[in-house]
Amino acid sequence: MTEQNDGQRFDRLPETPDERTVEGRASREEVVDYFADRFAIPPETFDDYTFWEKGAGKIWIYAGEAETPLEIEAIGMTCLRTRQEHWKPTTDFAQRFGREATECVIELDREQARAFATGEDQELEWWDGDWGYLIGAHRIAGELEPLGVGLYVHGELRSMVPKGRQREL
Amino acid sequence: MEPFERYRPIVDDFEAFLAACERPLGNAVRVNTIKASVERTLETLDEDGVAYEQADWNPRVLRLETDSPGSTWTSFHGFTHGQEEVSAVPPVVLDPQPGERVWDCCAAPGGKATQIAALMDDRGTVVANDNNLGRISALRFNAERLGATNLAVTVDDARNYSLKRFPFDEFDRTLVDAPCSCEGTIRKNPDALDNWSEGHISSIAGIQKGILRRAIQATREGGTVVYSTCTFAPEENEAVVQHALEAESCRVVDFDIGLEHSPGLTEWKDETFDESLERAIRIYPHQNDTGGFFVAKLEVTAE
Ligand SMILES: C[S@@+](CC[C@H](N)C(=O)[O-])C[C@H]1O[C@@H](n2cnc3c(N)ncnc32)[C@H](O)[C@@H]1O
Chain E
15 MTEQNDGQRF DRLPETPDER TVEGRASREE VVDYFADRFA IPPETFDDYT
65 FWEKGAGKIW IYAGEAETPL EIEAIGMTCL RTRQEHWKPT TDFAQRFGRE
115 ATECVIELDR EQARAFATGE DQELEWWDGD WGYLIGAHRI AGELEPLGVG
165 LYVHGELRSM VPKGRQREL
Chain Z
480 MEPFERYRPI VDDFEAFLAA CERPLGNAVR VNTIKASVER TLETLDEDGV
530 AYEQADWNPR VLRLETDSPG STWTSFHGFT HGQEEVSAVP PVVLDPQPGE
580 RVWDCCAAPG GKATQIAALM DDRGTVVAND NNLGRISALR FNAERLGATN
630 LAVTVDDARN YSLKRFPFDE FDRTLVDAPC SCEGTIRKNP DALDNWSEGH
680 ISSIAGIQKG ILRRAIQATR EGGTVVYSTC TFAPEENEAV VQHALEAESC
730 RVVDFDIGLE HSPGLTEWKD ETFDESLERA IRIYPHQNDT GGFFVAKLEV
780 TAE
């Protein structure tokens, strides 16, 4: 474990923690397990994807071809923030893959969804599931659709929708 | 509109053309099938009370009747992306397939790159390149919002692009949506002609030729290169393709698109172009009530 994370390039995540050569780097197994344990997203969902780190703790999910390491602007999308106590999925990941999630998904009504999309925090005392990062979702055209990621603590859901993605609806 | 006088000899019903150029353009969006089917998108718009009209030539292109297409649920969820109707033509002509390697060499802000990803069911590789770092951030934002996971983004000059960093050394298809004088966007940007000059056109044409040549070189034999601009100037369209025909191994091929259009030109001023340039298309604003576009489809041939 002598190598350091290089913030300028993409490195493919090692398969398992045993194959880790860079300190603190998450493995593919840990990432897929996290999505399964926290949100019950089936691990097979990610069979055709690779996971990469660029910038400390920033994990990217990619469906295309590439060799590691890679010095380029971006591949696929950022999906997860690691190297902190509570890992945090991105809003764009939640929108793209959150339909596969069945746990830690908080269903919001239209008004609550609107507040969530504008980036507001709201009191939602009725939630009796886990605290921490949840996927906010609402029902549109007959199906539940993920809105993004929220942080639930002390009866309050804090929208984590980034500024540029917030919308007045 | 003064510069457009030079197109009087080549545009049918020139007065209708000028009149259309004066009219502002409505709001068009493309359905992003990476995130939702056309059916689900239309249902969501219905629930929202947003009226729309589906384009005849492409069910994924919608004309919305709203002043703020960005503040609909379909936009927040990335089911739709604001994109001018004719700007959705080049990726359809490129016809990328799931699993292929595709290069979008002038890709920012990414309307077409994400459309290419969607046409590939987000499988395979789309290398989205642009030499303008500022515009690249808009491309990345759009790609993530639309959930495209098969994009690899690079910032380079397309004219001497290197594939060294990739585990393959040629592309199956390449889109050259070239920088241009943008005459065809006049309905969206009324000041599009403010810096118009023939000198400007000829300097852009030089860049376009360099980019198109590199695109052909980087594409495999039998592969497809689509060259498009949103301008009318033949110097930036037929003359650029003519240059590629002379300098590289390729030919112009036919394609169908269910939009009214005119054939590419075989002469302009004292220049003549290969007859196959009639297979390229010119879309004028009055033909389908859209912006203007030029599209040519090339097949890369043996040397
Ligand atoms: C017509 S715009 C592309 C629009 C884009 N295809 C879309 O659909 O969103 C042309 C782009 O070419 C880029 N460009 C100009 N010269 C270039 C060069 N030499 N190499 C690569 N990109 C270039 C510009 O920065 C600009 O973003």
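Which chain is which? The protein sequence lines are E and Z, in order.
Counted from 1, the first sequence has number 20 at position 6 by the working numbering; the numbering is strictly sequential.
Counted from 1, the second sequence has number 587 at position 108 by the working numbering; the numbering is strictly sequential.
The beta carbon of each residue, even a glycine, is placed where N, CA and C say it ideally should be.
Remember, it's a predicted structure, so these values are computed and weren't measured experimentally.
The beta strand (DSSP E) spanning residue i covers which residue range?
| i | result |
| --- | --- |
| Z:T553 | Taken as a continuous stretch (DSSP letters only), Z:T553 belongs to no beta strand (DSSP E), being part of the alpha helix (DSSP H) at 552-555. |
| Z:Q533 | 530-533 |
| Z:G689 | Counting along the chain, Z:G689 falls outside any beta strand (DSSP E), though it belongs to the alpha helix (DSSP H) covering 677-696. |
| E:P160 | 157-167 |
| Z:D656 | 650-656 |
| E:G150 | 146-154 |
| Z:A631 | 630-633 |
| Z:V568 | Counting along the chain, Z:V568 falls outside any beta strand (DSSP E), though it belongs to the alpha helix (DSSP H) covering 568-573. |
| Z:V490 | It is not in any beta strand (DSSP E) - Z:V490 carries neither H nor E in the DSSP assignment. |
| Z:V720 | Here Z:V720 belongs to no beta strand (DSSP E); instead the alpha helix (DSSP H) covers 717-726. |
| Z:D673 | Neither: Z:D673 is in no beta strand (DSSP E) and is coded neither H nor E. |
Between residue i and chain E, is the shortest Cβ-Cβ distance under 8 Å, so that the two count as touching?
| i | result |
| --- | --- |
| Z:N621 | no |
| Z:A631 | yes |
| Z:G626 | yes |
| Z:S641 | no |
| Z:P538 | no |
| Z:F647 | yes |
| Z:H556 | yes |
| Z:D673 | no |
| Z:R614 | no |
| Z:R799 | Given that chain Z is displayed from residue 480 to residue 782, the structure contains no residue 799 of chain Z and the question cannot be resolved. |
| Z:D670 | no |
| Z:G603 | yes |
| Z:V510 | no |
| Z:T523 | yes |
| Z:V732 | no |
Give a yes or no on whether the minimum CB-CB distance between residue i and chain Z is below 8 Å.
| i | result |
| --- | --- |
| E:Q109 | yes |
| E:D106 | yes |
| E:T132 | no |
| E:Y63 | yes |
| E:Y76 | yes |
| E:I149 | no |
| E:A88 | yes |
| E:R181 | yes |
| E:L84 | yes |
| E:G21 | no |
| E:M174 | no |
| E:E125 | no |
| E:P31 | no |
| E:G71 | no |
| E:G178 | yes |
| E:T96 | no |
| E:A129 | no |
In whole angstroms, what is the alpha-carbon distance linking residue i and residue j?
| i | j | result |
| --- | --- | --- |
| E:G162 | Z:R485 | 52 Å |
| E:D1 | E:W74 | Shown here, chain E extends from 15 to 183; a query on residue 1 of chain E therefore has no answer. |
| E:M15 | Z:R624 | Its pLDDT being 47, under 50, E:M15 is placed unreliably by the model, and nothing is read from it. |
| E:V119 | E:E29 | 28 Å |
| Z:T710 | Z:D656 | 11 Å |
| Z:F650 | E:R128 | 43 Å |
| Z:E662 | Z:V565 | 14 Å |
| Z:D749 | Z:P482 | 19 Å |
| Z:F555 | Z:L630 | 21 Å |
| Z:G626 | Z:R666 | 30 Å |
| Z:V517 | Z:F558 | 9 Å |
Determine whether the beta carbon atoms of residue i and residue j lie at a separation below 8 Å.
| i | j | result |
| --- | --- | --- |
| E:P160 | E:A108 | yes |
| E:R179 | E:T105 | yes |
| Z:V719 | Z:A684 | yes |
| E:T64 | E:Y76 | yes |
| Z:A775 | Z:E700 | no |
| E:G78 | E:I89 | yes |
| Z:C729 | Z:I686 | no |
| Z:P575 | Z:K591 | no |
| Z:T604 | Z:R580 | yes |
| E:A54 | E:E117 | yes |
Could you pull the start and end residues of the alpha helix (DSSP H) that residue i belongs to?
| i | result |
| --- | --- |
| Z:C500 | 493-501 |
| Z:F734 | From DSSP, Z:F734 is part of no alpha helix (DSSP H); its letter is neither H nor E. |
| E:Q180 | Premise fails: E:Q180 is in no alpha helix (DSSP H) and is neither H nor E. |
Hey, would you say the C-beta of residue i is under 7 Å away from at least one heavy atom of ligand 3?
| i | result |
| --- | --- |
| Z:K591 | In terms of ligand content, the structure shown lacks ligand 3 and carries ligand 1 instead. |
Inspect the CB distances between the stretch 676-686 of chain Z and the stretch 706-716 of chain Z and report whether three or more fall short of 8 Å. yes
Three CB pairs or more closer than 8 Å across the stretch 757-765 of chain Z and the stretch 726-737 of chain Z: yes
Counting pairs of Cβ atoms below 8 Å between the stretch 163-180 of chain E and the stretch 127-144 of chain E, do you hit three or more? Put simply, the stretch 163-180 of chain E touches the stretch 127-144 of chain E. At least three CB pairs are less than 8 Å apart.
Three or more beta-carbon pairs under 8 Å between the stretch 504-511 of chain Z and the stretch 543-555 of chain Z, yes or no? yes
Does the structure place the stretch 488-500 of chain Z close enough to the stretch 147-155 of chain E that three or more beta carbon pairs sit under 8 Å? no
Any contact between the stretch 575-588 of chain Z and the stretch 530-547 of chain Z? By contact I mean 3 or more CB pairs, one from each, below 8 Å. no
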